[in-house]
C-alpha cells in the first residue's frame, strides 16, 4: 500500500506496524526488510534492500536497529536448514526466502511448503505466499483460494488498490 513512498516512510511504517505484535527491534528490522523486498519486486528494482536499511539506520543514528541488522547476517541463509523449527523472526525470514527461491514459479506449492516448514505456520504461509504472489501476480493464486476470501469493505478496497498498483507495473 505504501510501496511508492520514500524509503524512510516505508521503514518507519514497517517498524510501527511490527510493534503491534512484537516489540523486539529484530522484528522491526525484519518487517522493514520484508516491506523493502516486496517494494523491490513491485518496481523491479535492483537495489539491495539490506544496503538501503544500513544507510537508513546510519543516517538516522538508529544503532540498535543497525546491530539487529548485523545479527540478521549472522543467521546466514547458506547455513539455513529447511527443517529448522524456530519462531525467531530471522529464522522465519530466511525460511520464507529459501522456500520462495525453490518454489518461485508455483504459488500453491510454495505456500504449502512454508506451512509444512513450521515455525509459526500462519506467518510462514503469509510470508511465502506474499513473496510468490507479488512475484507471479494475482492470476497465479489458485481461484479456489481466492473464492474463500472473506474481506471487509475496507480490506477489499486496500486489496483492490494494491492489485491495481501491481497490474500497472506490467
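Residue numbers (this note's numbering): 2 to 171.
The beta carbon of each residue, even a glycine, is placed where N, CA and C say it ideally should be.
Span of the alpha helix (DSSP H), counted from its first residue to its last, around residue i
i, result
"residue 1", "Missing from the structure shown is residue 1; the chain here goes from 2 to 171 and no further."
"residue 138", "That residue, residue 138, is in no alpha helix (DSSP H); it is neither H nor E in DSSP."
"residue 110", "108-118"
"residue 144", "144-148"
"residue 4", "From DSSP, residue 4 is part of no alpha helix (DSSP H); its letter is neither H nor E."
"residue 151", "Per DSSP, residue 151 belongs to no alpha helix (DSSP H) and is neither H nor E."
"residue 121", "It is not in any alpha helix (DSSP H) - residue 121 carries neither H nor E in the DSSP assignment."
Top-ranked residue by Cα proximity to residue i, from the options
i, options, result
"residue 117", "132, 100, 106, 133", "100"
"residue 132", "155, 97, 25", "97"
"residue 38", "15, 25, 153", "15"
"residue 142", "95, 18, 7, 111", "111"
"residue 91", "73, 128, 58", "73"
"residue 125", "146, 95, 145, 147", "95"
"residue 45", "154, 147, 20, 137", "137"
Residue environment, residue i, which counts as buried when at least 16 other CB atoms sit within 10 Å
i, result
"residue 93", "buried"
"residue 197", "Because the chain is modelled from 2 through 171, residue 197 falls outside the range shown and cannot be assessed."
"residue 159", "exposed"
"residue 150", "exposed"
"residue 33", "buried"
"residue 152", "exposed"
"residue 144", "exposed"
Short CB-CB distance (under 7 Å) between residue i and chain C
i, result
"residue 10", "Among the chains of the structure shown, chain C does not appear; only one protein chain is present."
| query | Touch check for the segment 22-41 and the segment 61-73: three-plus C-beta pairs under 8 Å? | reply | Yes: at least three Cβ pairs fall under 8 Å.
| field | Any alpha helix (DSSP H) of 4 or more consecutive residues that is wholly inside the segment 36-75 | value | Complete alpha helix (DSSP H) runs here, min 4: 50-60, 64-75.
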